[in-house]
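Engineer: One structure, pasted below without further comment.
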Ligand code: MN3
């Protein structure tokens, strides 16, 4: 029995992780469930899965959750710091980081230091602090298993590429990663058309059902830029070895080219439950209900080069990755603020990249950041970008 802590159980990844646990209840147990504000769903999940611990991060909802669960032997905690504490509990085997944004950083670090296997869905953690996180993972001998569908595909393609070379272990060398992208809802829009798109249009993703923040990030392709940075840290490649391919069908979830030119990919229907389950079951595969890939039905697969002029956020991510230091942290913090401002109708779609570029120019660059630098940069840039917004 693997005991799983789901950080962000009421979000899109969290609820699908619970689907997996429901389907394989003899193998997995939802041991910790956490949410920020989605009180009703968290209570419903707690009553169904009977976890050991529930965390409602927003303290304003603490009484409500306690009352609703007071007939069950479930411990209820509140406050952002309690996330860092509960992930260290002795019985936890896997921590699924499925919360949104920068808030995932500190709990992920706490879980790594407590030597928990990480099923990583919170890509912002690696975008902001990839150097620190990967170093801590090596020091603590902790596995970081990707849940992002592209990174799971890359990971599935490199499983089996390790070998024993005498008494040493070695891995076959990757020459290139093909990171696929659906292109989002504005793939065929002109820049002029993009000027006027609304949040409602951006929230209609053609292939994937996701939370609001990441759906907007997909529309701007900042999500793909962040995934490039995520891949750089997870697989130890340089940004120039990562080739973004727009692939509107979302069937090839990503691919790896090795030094001999062989390309391995993972294909399937778009369904996040597979990468979530693979992170839980690795190295084993398990049955999974749902639709199967039918290539006859799909007929053709298409690939295009991304338009870096139209999707400036993708270019921004490459620039930030090349610059290094706290620049990806600056970009992430700015993006979290403008993403929300766009959803609230306070700024236009093209203002997203304009304001992020402004923050990149204005914020203090630090070449060799520490955890404190990241926390400080994040707070400062949020304030800075807030000052750019109309009232
Ligand atoms: Mn993805």
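Residue numbers (my numbering): 10 to 400.
Every residue, glycine too, gets a C-beta built ideally from N, C-alpha and C.
All values reported here derive from a predicted model rather than from experimental measurement.
State buried or exposed for residue 34, treating a residue as buried only when at least 16 other CB atoms are found within 10 Å of its CB.
Structural biologist: Residue 34 sits at position 25 when you count from the first residue of the chain shown. Classification for residue 34: exposed.
Engineer: According to the Cβ coordinates, are residue 58 and residue 42 closer than 8 Å?
Structural biologist: Taking the chain shown and counting its residues from 1, the one referred to as residue 58 is at position 49. Taking the chain shown and counting its residues from 1, the one referred to as residue 42 is at position 33. Cβ distance < 8 Å, so residue 58 and residue 42 count as in contact.
Engineer: Who's in the neighbourhood of the ligand MN3, going by beta-carbon under 6 Å from any heavy atom, listed in chain order?
Structural biologist: That query returns the following residues: 157, 158, 159, 236.
Engineer: Residue 228 by DSSP, collapsed to three states: which one?
Structural biologist: By one-based count along the chain shown, residue 228 stands at place 219. The answer is helix: DSSP assigns residue 228 an H, G or I state.
Engineer: Have a look at residue 109 and residue 131 and give me their C-alpha separation to the nearest angstrom.
Structural biologist: Here residue 109 corresponds to residue number 100 of the chain shown, with the count starting at 1. Here residue 131 corresponds to residue number 122 of the chain shown, with the count starting at 1. Taking the straight line from one Cα to the other gives about 6 Å.
Engineer: Kindly indicate which three-state DSSP category residue 266 falls into: helix, strand or coil?
Structural biologist: Within the chain shown, residue 266 is the residue found at index 257, counting from 1. The answer is strand: DSSP assigns residue 266 an E or B state.
Engineer: Do the segment 347–366 and the segment 75–91 make contact, defined as three or more Cβ pairs closer than 8 Å?
Structural biologist: Touching, no, given that fewer than three Cβ pairs across the two stretches are closer than 8 Å.
Engineer: If you follow the alpha helix (DSSP H) that residue 330 is in, where does it begin and where does it stop?
Structural biologist: The sequence position of residue 330 within the chain shown is 321, counting from 1. Element bounds for residue 330: 321–332.
Engineer: Hey, could you find the ends of the alpha helix (DSSP H) residue 346 is sitting in?
Structural biologist: By one-based count along the chain shown, residue 346 stands at place 337. Unbroken alpha helix (DSSP H) run through residue 346: 336–352.
Engineer: I'd like to confirm the pairing. Which residues does DSSP put opposite residue 43 in its beta bridges?
Structural biologist: What you label residue 43 is simply residue 34 of the chain shown in a count that begins at 1. Answer is 16, 64.
Engineer: Using a Cβ-based criterion (distance less than 7 Å to any ligand heavy atom), does residue 91 qualify as near the ligand MN?
Structural biologist: Questions concerning the ligand MN fall outside what the structure shown contains, since the ligands it does hold are the ligand MN3.
Engineer: Just checking, does the segment 179–199 make contact with the segment 329–336 on the three C-beta pairs under 8 Å criterion?
Structural biologist: No, the segment 179–199 does not touch the segment 329–336.
Engineer: Just how far apart, CA to CA, sit residue 178 and residue 293?
Structural biologist: If you number the chain shown from 1, residue 178 lands on position 169. If you number the chain shown from 1, residue 293 lands on position 284. In a straight line, the C-alpha of residue 178 is about 21 Å away from that of residue 293.
Engineer: Taking 8 Å as the threshold, find out whether the segment 209–216 comes into contact with the segment 263–272 through three or more Cβ pairs.
Structural biologist: Contact fails: fewer than three Cβ-Cβ distances are below 8 Å.
Engineer: Over what stretch of residues does the beta strand (DSSP E) that includes residue 84 continue unbroken?
Structural biologist: Working through the chain shown from its first residue, we reach residue 84 at position 75. 84–87 is the extent of the beta strand (DSSP E) around residue 84.
Engineer: On the CB-based measure, 16 or more other CB atoms within 10 Å of its CB, does residue 270 come out buried or exposed?
Structural biologist: One-based indexing of the chain shown puts residue 270 at position 261. Label assigned to residue 270: exposed.
Engineer: From this set, 93, 155, 20, 272, which residue's C-alpha is nearest residue 218's C-alpha?
Structural biologist: Here residue 218 refers to the residue found at position 209 of the chain shown. Ranking 93, 155, 20, 272 by Cα distance to residue 218 puts 20 first.
Engineer: Quick check on the burial criterion: 16 or more other C-beta atoms within 10 angstroms. Buried or exposed for residue 171?
Structural biologist: The residue you call residue 171 lines up with position 162 of the chain shown. Classification for residue 171: exposed.
Engineer: Can you give me the start and stop residues for the beta strand (DSSP E) that residue 255 sits inside?
Structural biologist: Taking the chain shown and counting its residues from 1, one reaches residue 255 at position 246. Note, residue 255: beta strand (DSSP E), 251–255.
Engineer: Taking just the CA atoms, how far does residue 203 sit from residue 194?
Structural biologist: Numbered from 1 along the chain shown, position 185 holds the residue referred to as residue 194. Numbered from 1 along the chain shown, position 194 holds the residue referred to as residue 203. Cα to Cα, the separation comes out at about 11 Å.
Engineer: For residue 390, does the count of other Cβ atoms within 10 angstroms reach 16, so buried, or fall short, so exposed?
Structural biologist: For the purposes of this step, residue 390 is identified with residue 381 of the chain shown, where counting begins at 1. So residue 390 ends up on the buried side.
Engineer: For a test of the three-state rule: what should DSSP assign to residue 383, helix, strand or coil?
Structural biologist: Within the chain shown, numbered from 1, the residue matching residue 383 stands at position 374. Of the three classes helix, strand and coil, the one that applies to residue 383 here is helix, per DSSP.
Engineer: Quick check on the burial criterion: 16 or more other C-beta atoms within 10 angstroms. Buried or exposed for residue 305?
Structural biologist: The residue labelled residue 305 in the question sits at position 296 within the chain shown. Result: exposed.
Engineer: So, using beta-carbon positions, are residue 156 and residue 284 closer together than 8 Å?
Structural biologist: Position 147 of the chain shown, counted from the start, is the residue given in the question as residue 156. Position 275 of the chain shown, counted from the start, is the residue given in the question as residue 284. A contact, by the Cβ cut-off of 8 Å.
Engineer: From residue 105 to residue 40, what does the alpha carbon distance come to, in whole angstroms?
Structural biologist: Your numbering for residue 105 matches position 96 in the chain shown. Your numbering for residue 40 matches position 31 in the chain shown. When rounded, the distance between both Cα atoms is 11 Å.
Engineer: Taking just the CA atoms, how far does residue 173 sit from residue 349?
Structural biologist: On the chain shown, position 340 is the one that residue 349 refers to. On the chain shown, position 164 is the one that residue 173 refers to. When rounded, the distance between both Cα atoms is 49 Å.
Engineer: Using the Cβ count rule (16 or more neighbours within 10 Å means buried), how would you classify residue 236?
Structural biologist: For the purposes of this step, residue 236 is taken as the residue at position 227 of the chain shown. Answer is buried; the Cβ neighbour count reaches 16.
Engineer: With a floor of 3 residues, list each beta strand (DSSP E) that falls wholly inside the segment 82–138, ordered by position along the chain.
Structural biologist: 84–87, 103–106, 126–129, all fully within the segment 82–138.
Engineer: Sorted by chain position, which residues of the same chain lie with C-beta nearer than 6 Å to residue 26's C-beta, five sequence neighbours on each side aside?
Structural biologist: As a working note, residue 26 is residue 17 in the chain shown. Result list for residue 26: 15, 105, 285, in chain order.
Engineer: Which two residues bound the contiguous alpha helix (DSSP H) that contains residue 412?
Structural biologist: With the chain covering only 10 through 400, there is no way to say anything about residue 412.
Engineer: Taking C-alpha atoms, which residue in 158, 95, 100, 12 lies nearest to residue 22?
Structural biologist: Here residue 22 corresponds to residue number 13 of the chain shown, with the count starting at 1. It is 158 whose Cα lies nearest to the Cα of residue 22.
Engineer: Just the Cα atoms here: how many angstroms apart are residue 146 and residue 400?
Structural biologist: Looking up residue 146 in the chain shown gives position 137. Looking up residue 400 in the chain shown gives position 391. If I take the Cα positions, the gap works out to 42 Å.
Engineer: To the nearest angstrom, how far is the alpha carbon of residue 225 from that of residue 175?
Structural biologist: Sequence index remark: in the chain shown, residue 225 carries index 216 (1-based). Sequence index remark: in the chain shown, residue 175 carries index 166 (1-based). About 49 Å.
Engineer: Taking just the CA atoms, how far does residue 125 sit from residue 101?
Structural biologist: Here the question's residue 101 lines up with position 92 in the chain shown. Here the question's residue 125 lines up with position 116 in the chain shown. So the two alpha carbons sit approximately 7 Å from each other.
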